[in-house]
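Here the structure comes first, spelled out in structure tokens, and everything after it is commentary.
Number of protein chains: 4
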Amino acid sequence: MTAPDAADLKRDQILAAASRVIAERGYHATNIADIARELGAGHGTFYRYFKNKHDIAVQAVDRAMRRIAEALADEPPEVATSLDEYRAQVTRIAHRLFDLVIAEPVVARLFFFEAAAINRERAERFHAALDDLGSFTAAYIRNGQRRGFLRAEVDPEVIGLALNGVILAGAARMLRVSDPAAERDRWVDSVLTLMFHGLAS
Amino acid sequence: MTAPDAADLKRDQILAAASRVIAERGYHATNIADIARELGAGHGTFYRYFKNKHDIAVQAVDRAMRRIAEALADEPPEVATSLDEYRAQVTRIAHRLFDLVIAEPVVARLFFFEAAAINRERAERFHAALDDLGSFTAAYIRNGQRRGFLRAEVDPEVIGLALNGVILAGAARMLRVSDPAAERDRWVDSVLTLMFHGLAS
Amino acid sequence: MTAPDAADLKRDQILAAASRVIAERGYHATNIADIARELGAGHGTFYRYFKNKHDIAVQAVDRAMRRIAEALADEPPEVATSLDEYRAQVTRIAHRLFDLVIAEPVVARLFFFEAAAINRERAERFHAALDDLGSFTAAYIRNGQRRGFLRAEVDPEVIGLALNGVILAGAARMLRVSDPAAERDRWVDSVLTLMFHGLAS
Amino acid sequence: MTAPDAADLKRDQILAAASRVIAERGYHATNIADIARELGAGHGTFYRYFKNKHDIAVQAVDRAMRRIAEALADEPPEVATSLDEYRAQVTRIAHRLFDLVIAEPVVARLFFFEAAAINRERAERFHAALDDLGSFTAAYIRNGQRRGFLRAEVDPEVIGLALNGVILAGAARMLRVSDPAAERDRWVDSVLTLMFHGLAS
DNA sequence: AATGAATGAGGATTCATTCAT
DNA sequence: GATGAATGAATCCTCATTCAT
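Residue numbers (full-length UniProt numbering), protein chains in the order written: chain V, 1 to 201; chain B, 1 to 201; chain H, 1 to 201; chain C, 1 to 201.
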């Protein structure tokens with residue numbers, strides 16, 4: 001276990017400053033001078049720690065993707081044995097994600113708005129990550145179908161991606177409202193009802 | 001009613017060429033030379049019909065947004081008087097949207113991937129459009145609640161945005177699969193079940 | 001036979017301007033702004049005709065190398081059948097080279113001083129060209145040895161490179177004196193005596 | 001007479017390291033980091049001993065020029081009283097120069113390839129040094145002419161510079177061949193024949 | 001009206017040099 | 001004395017835009 005040294009700290013500071021600026025202005029509108037100003041350092045300092053502007057952005061975005069994935073991936077898809085357990089699991093995941101979005105809007109903006117904005121190659125990587133996330137969600141659905149507490153007739157892959165879409169929409173919403181905590185609770189309530197019981201009365 | 005003259009036709013040709021290139025490469029990776037090559041005309045020609053690169057992109061994206069809105073807005077939110085009618089309405093809307101995505105991927109890419117990529121101001125306009133679309137969907141939910149065939153306890157605004165998210169996820173999917181017509185039918189089936197009856201068995 | 005078009009002319013003008021500046025200031029001290037100023041055009045104009053600064057310099061130097069090679073290569077090594085014919089041949093070659101140096105000092109400076117200055121790869125190419133030139137001169141020596149009018153005991157390759165050195169020294173001298181025509185005649189006289197009869201009295 | 005202290009030693013080490021790197025990569029392709037790596041010291045250390053990069057290079061080159069001059073200047077131009085003595089003198093000088101080139105290729109590369117590469121001012125100084133060397137060689141010729149063992153009709157200044165050129169060509173050759181000792185002997189033999197007896201049979 | 005050669009503002013990047021530790 | 005992290009001036013290069021033909 002090595003102690004983080006001064007260089008690692010500096011690296012993290014630059015990454016944090018770049019993340020803030022890119023999240024605020026967008027990748028293409030951000031220039032090196034903006035990042036330098038945000039950190040209070042000279043341009044050259046970045047180039048000691050990162051290869052170029054693309055490299056900084058990719059690392060900021062990758063870090064954001066890891067943070068989002070950690071919030072989602074903590075719950076194994078096979079553990080829920082009943083509808084109530086699964087419902088509790090979904091509730092926990094939703095809260096964790098929304099709380100992360102609320103607590104770290106920079107991370108959320110990098111993930112939702114900048115991950116696909118850097119270039120085509122990164123956009124494809126972002127969509128592949130969403131596909132992976134959909135497959136991961138599909139594993140929960142399949143678990144419930146196997147155990148008999150979720151409808152067998154729905155296509156798990158479709159539902160996985162559809163729930164992705166719901167989650168993205170909710171997270172994007174949290175970034176845009178003035179009282180995100182209240183919005184979060186409204187979302188979880190209504191979406192859980194939609195998800196488990198449908199809209200038909 | 002004035003007949004479209006030659007200038008309008010040329011304008012449309014340029015807009016179509018720019019739309020194809022921007023949809024393929026992305027706004028920031030597209031340069032004027034790319035569009036000129038695609039159209040087989042000189043750079044200067046654009047500047048006769050459009051103010052600048054930003055202007056072309058905005059008009060291409062706005063046109064795509066109008067096309068998408070037309071596909072969705074044909075169905076007034078108040079007409080459905082029963083669950084079956086609403087279900088049929090939703091099915092029609094979904095088919096119209098997905099068919100548009102399949103038939104005109106350029107329009108879909110401009111809407112889903114480029115509308116928010118141009119700059120911050122356009123990203124905010126895109127999100128406002130999604131909010132409008134959510135409110136529009138919420139009107140359907142409210143109609144169903146008023147008429148008693150949809151659950152009263154869900155928040156229509158939340159459900160409106162959540163269904164937005166499902167639609168976006170589905171449309172993005174249509175752009176990425178090799179047999180989009182089959183994918184469309186899988187989506188409509190599973191998503192209607194989710195939407196009206198929920199996943200609980 | 002195609003007529004040179006406007007683009008070729010412009011290209012040649014830029015190459016000529018860059019050649020003058022590089023010959024005067026040296027490759028590394030020359031920047032794009034200097035060349036732009038010399039031509040009276042914007043920076044961007046260069047980049048329409050040349051890939052980058054390295055590309056301009058390489059083409060300027062290669063053109064200079066071709067000009068020098070043309071001045072030397074006009075005389076086939078095998079034609080001289082007697083000492084007098086060879087002496088006349090050497091005299092012609094020397095005059096052609098020195099006259100070129102005097103008439104076009106830019107070409108000479110590019111060849112003698114900048115060909116090896118761009119980078120290591122170009123320096124090696126320059127030295128390879130000098131080796132080729134030495135081998136070419138050696139062919140004259142071998143012709144004279146075969147025909148019996150030049151001493152058999154000298155190594156033609158060594159003499160070829162040694163005469164290279166004499167020529168380079170003379171050409172460099174022409175670039176540095178105020179009356180190069182007089183200097184040229186002094187050189188040809190003394191060097192021919194050295195070359196054919198030696199210094200011993 | 002002061003003993004060389006630790007500071008002088010360090011200075012010499014830095015100069016030696018810089019000489020090696022500049023000889024290998026060339027002045028303009030060498031950066032301070034390369035020299036620091038070669039020495040195993042920090043950048044700042046140079047700036048304790050040398051004013052800047054230009055200063056290091058100039059001192060490295062000047063030292064090389066002194067080393068070359070020492071190899072040549074040991075023989076006073078007036079001592080030879082006969083052709084045989086002069087021939088022996090020339091042979092000694094040539095061996096000393098070529099042996100230095102072979103033993104210390106770094107010194108030779110700095111002199112032949114980098115002395116003129118630093119900037120215009122240094123290039124002119126290099127050419128002035130070659131002119132001085134030519135005048136020095138001319139003094140030998142004049143001595144031989146005065147004493148009657150060398151031809152009176154050649155121009156000593158021209159011959160001085162021409163022999164310079166031969167020497168430079170030979171030294172450059174020594175740097176490029178795999179068996180420089182054999183090459184040296186071939187050169188001395190053929191060039192002495194050329195120099196004293198000429199090529200005519 | 002159409003063209004595309006010319007332009008130069010703008011931005012990314014390098015690297016010699018400094019100076020706090 | 002030694003260090004090397006920090007700096008920003010300097011420079012290359014791109015590309016949206018203009019305008020003479």
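All residues carry an ideal CB built from backbone N, CA and C; glycine is no exception.
Fill in: Under 7 angstroms by beta carbon: chain H residues contacting Arg173 (chain C)
Neighbours of Arg173 (chain C) in chain H, taken as residues whose beta carbon is under 7 angstroms from its own, are Leu161 in chain order.
Worksheet entry | Endpoints, the alpha helix (DSSP H) within which Leu161 (chain C) is located | Where Leu161 (chain C) is concerned, the enclosing alpha helix (DSSP H) stretches over 156 to 174.
Discussion item. Once DSSP output is grouped into helix, strand and coil, what is the label at Leu150 (chain V)?
Written reply: Leu150 (chain V) falls in the strand class under three-state DSSP.
Worksheet item: Going along the chain, which unbroken runs of the alpha helix (DSSP H) with 4 or more residues stay wholly within the UniProt DNA-binding region "H-T-H motif" (31 to 50) of chain V?
Response: With a minimum length of 4 residues, the unbroken runs of alpha helix (DSSP H) contained wholly in the UniProt DNA-binding region "H-T-H motif" (31 to 50) of chain V fall at 32 to 39, 43 to 49.
Worksheet item: Are the C-beta atoms of Ser19 (chain H) and some chain C residue less than 7 angstroms apart?
Response: Using a Cβ-Cβ cut-off of 7 angstroms, Ser19 (chain H) does not count as an interface residue toward chain C, since no Cβ of chain C sits closer than that to its own.
Worksheet item: Is the Cβ of Arg151 (chain B) closer than 7 angstroms to any Cβ of chain V?
Response: Under the 7 angstroms criterion on CB atoms, Arg151 (chain B) is classed as interfacial with respect to chain V.
Worksheet entry | Residues of its chain near Gly42 (chain B), where Cβ-Cβ distance is below 7 angstroms and the 5 sequence neighbours each way are ignored | Answer for Gly42 (chain B): Ala36, listed in chain order.
Item to complete: Give the DSSP-derived three-state secondary structure of Ala80 (chain B) in the structure shown.
Response: Taken through DSSP and simplified to helix, strand or coil, Ala80 (chain B) comes out as coil.
Worksheet item: Would you call the segment 163 to 171 of chain B and the segment 86 to 105 of chain B in contact, with 3 or more CB pairs under 8 angstroms?
Response: Three or more beta-carbon pairs separated by less than 8 angstroms link the segment 163 to 171 of chain B to the segment 86 to 105 of chain B, which places the two stretches in contact.
Worksheet item: Can you list the residues of chain V that Asp179 (chain B) reaches, using a CB-CB cut of under 7 angstroms?
Response: In chain order: nothing, as chain V lies at least about 14 angstroms away.
Worksheet item: Phe113 (chain V) versus chain B: which residues are under 8 angstroms apart at the beta carbon?
Response: Against Phe113 (chain V), the close residues of chain B are Ala116, Ala123, in the order they occur along the chain (beta-carbon pairs closer than 8 angstroms).
Discussion item. My assumption, with CB atoms under 8 angstroms, is that Val154 (chain V) sits in contact with Leu194 (chain B). Please give the rounded CB distance.
Written reply: With a contact defined as Cβ atoms closer than 8 angstroms, Val154 (chain V) and Leu194 (chain B) qualify at about 6 angstroms.
Worksheet item: If you count every other CB in all the chains shown that lies within 10 Å of the CB of Asn143 (chain H), and 16 or more means buried, which is it?
Response: Counting Cβ neighbours within 10 Å, Asn143 (chain H) comes out buried, since at least 16 surround it.
Discussion item. Can you tell me whether Ala200 (chain B) is helix, strand or coil according to DSSP?
Written reply: Residue state, collapsed to three classes: strand.
Worksheet item: When we look at the beta-carbon of Thr81 (chain H) and count the other beta-carbons within 10 Å, is it buried (16 or more) or exposed?
Response: Looking at its Cβ environment, which holds fewer than 16 other Cβ atoms inside 10 Å, Thr81 (chain H) is exposed.
Worksheet item: Assuming Ile68 (chain B) and Phe111 (chain B) make a contact with CB atoms under 8 angstroms, what is their CB distance in whole Å?
Response: That pair is a contact at about 5 angstroms.
Fill in: Distance between Ala29 (chain V) and Gly134 (chain V) (C-alpha atoms, nearest Å)
Here the alpha carbon of Gly134 (chain V) sits roughly 31 angstroms from the alpha carbon of Ala29 (chain V).
Practice prompt. Measuring alpha carbon to alpha carbon, tell me which of C:Phe136, C:Ala18, C:Tyr47, C:Thr45 ends up nearest Asp34 (chain C).
Written response: Per the Cα distances, C:Ala18.
Fill in: C-beta neighbour in chain B for Met195 (chain V), strict 7 angstroms
Interface flag for Met195 (chain V) against chain B is set, since a Cβ pair is found closer than 7 angstroms.
Discussion item. DSSP three-state label for His54 (chain V), please.
Written reply: DSSP, read as helix, strand or coil, puts His54 (chain V) in helix.
Worksheet item: So, helix, strand or coil for Ala116 (chain H), using DSSP?
Response: In this structure, Ala116 (chain H) counts as coil in the three-state DSSP scheme.
Worksheet item: Counting along the chain, where does the alpha helix (DSSP H) carrying Ala18 (chain V) start and finish?
Response: It spans 6 to 25 - the alpha helix (DSSP H) in which Ala18 (chain V) sits, taken as one unbroken run.
Discussion item. Any heavy atom of the ligand NAD closer than 6 angstroms to the beta-carbon of Arg92 (chain H)?
Written reply: With respect to small molecules bound, the structure shown includes none, and the ligand NAD cannot be examined in it.
Practice prompt. Please list, in chain order, all residues of the same chain as Arg20 (chain V) whose beta carbon is under 8 angstroms from its beta carbon, the five residues on each side excluded.
Written response: Apart from sequence neighbours up to five positions away, the residues of its chain that approach Arg20 (chain V) with a beta-carbon distance below 8 angstroms are Glu38, Val106, ordered along the chain.
Worksheet item: How many whole angstroms separate the CB atoms of Ser201 (chain H) and Leu150 (chain C), which I take to be in contact at a CB cut-off of 8 angstroms?
Response: Your pair Ser201 (chain H) and Leu150 (chain C) checks out as a contact, with CB atoms roughly 6 angstroms apart and the cut at 8 angstroms.
Worksheet item: Using CA coordinates, which residue listed in H:Ala71, H:Ala6, H:Arg48, H:Ala64 is at the minimum distance from Ile22 (chain H)?
Response: The residue with the shortest Cα to Cα distance from Ile22 (chain H) is H:Ala64.
Discussion item. Give me, in chain order, the residues of the same chain whose beta-carbon lies closer than 7 angstroms to that of Met1 (chain C); leave out the 5 immediate sequence neighbours on both sides.
Written reply: Residue placement at Met1 (chain C) is poorly supported in this model, since its pLDDT is 48, which falls under 50; the coordinates still yield a value, given next. Sequence-distant Cβ neighbours of Met1 (chain C) in its own chain, meaning closer than 7 angstroms and more than five residues away, do not exist here.
Practice prompt. Reducing DSSP to helix, strand and coil, say where Asp28 (chain B) ends up.
Written response: Residue identity differs from the one stated: residue 28 (chain B) is His in this sequence, not Asp. In the three-state scheme derived from DSSP, where H, G and I count as helix and E and B as strand, His28 (chain B) is classed as coil.
Item to complete: List the residues of chain V whose Cβ lies closer than 7 angstroms to the Cβ of Leu168 (chain B), in chain order.
Response: Those within 7 angstroms of Leu168 (chain B) in chain V are Gly165.
Discussion item. Within a Cβ cutoff of 7 angstroms, which residues of the same chain sit near Gly40 (chain B), ignoring the five residues on either side of it in sequence?
Written reply: Hits under 7 angstroms: none found.
Worksheet item: At a Cβ cut of 8 angstroms, what residues of the segment 77 to 101 of chain B count as close to chain V, listed as they run along the chain?
Response: Within the segment 77 to 101 of chain B, the qualifying residues are Leu83.
Worksheet entry | chain B contact residues for Arg120 (chain V), given Cβ-Cβ distances below 8 angstroms | Going along chain B in sequence order, the residues near Arg120 (chain V) (Cβ under 8 angstroms) are Arg25, Gly26, Ala29.
Fill in: Test: Asp5 (chain V) CB closer than 7 angstroms to a CB of chain B
Chain B contact via Cβ: absent.
Worksheet entry | Cβ-based contacts, 9 angstroms cut-off: residues of the segment 40 to 68 of chain B near chain V | Near chain V, meaning a CB-to-CB distance below 9 angstroms, no residue of the segment 40 to 68 of chain B qualifies.
Discussion item. For chain B, check one thing: does any of its Cβ atoms lie closer than 7 angstroms to the Cβ of Glu200 (chain V)?
Written reply: First, the amino acid is wrong: residue 200 (chain V) is Ala here, not Glu. Interface residue, yes.
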